[in-house]
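Numbering (this note's numbering), first residue to last: 17 to 128.
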């Protein structure tokens, strides 16, 4: 009776462990593995020789900034959402009189 219980316990524990363990191995080597083997068999000088870009979807990046030190060539921006955003950001950062700073001929709002 003990041997049957021991066999069942071993089967119940061992079978799932075997399935999980075998799932971690590579059953068939596809084209990607062969290309990697070919690439690594030659001497690679830099990571770019082996790396392949993936998911190249353009992501627009936009920012609003304040340029200073323009020596009289700056301008006071017209009322716009960008101006409101920059004023709010300057107030949040504790800039004294942000309207005066933004209206100065030595500064300008820029879109990056």
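For each residue, glycine too, the CB sits at the ideal point set by N, CA and C.
query, result
"Comparing C-alpha positions only, which one of 26, 96, 121, 105 sits nearest to residue 90?", "121"
"Per DSSP, residue 81 forms a beta bridge with which residues?", "126"
"By the 10 Å Cβ neighbour count, where 16 or more other Cβ atoms means buried, how is residue 123 classified, buried or exposed?", "buried"
"Is it the case that the region 60-69 contacts the region 93-107, given that we only count it when at least three CB pairs across the two stretches are under 8 Å?", "no"
"Is the separation between the beta-carbon of residue 11 and that of residue 128 shorter than 8 Å?", "In the structure as shown, the chain starts at 17 and stops at 128, and residue 11 therefore has no counterpart that could be examined."
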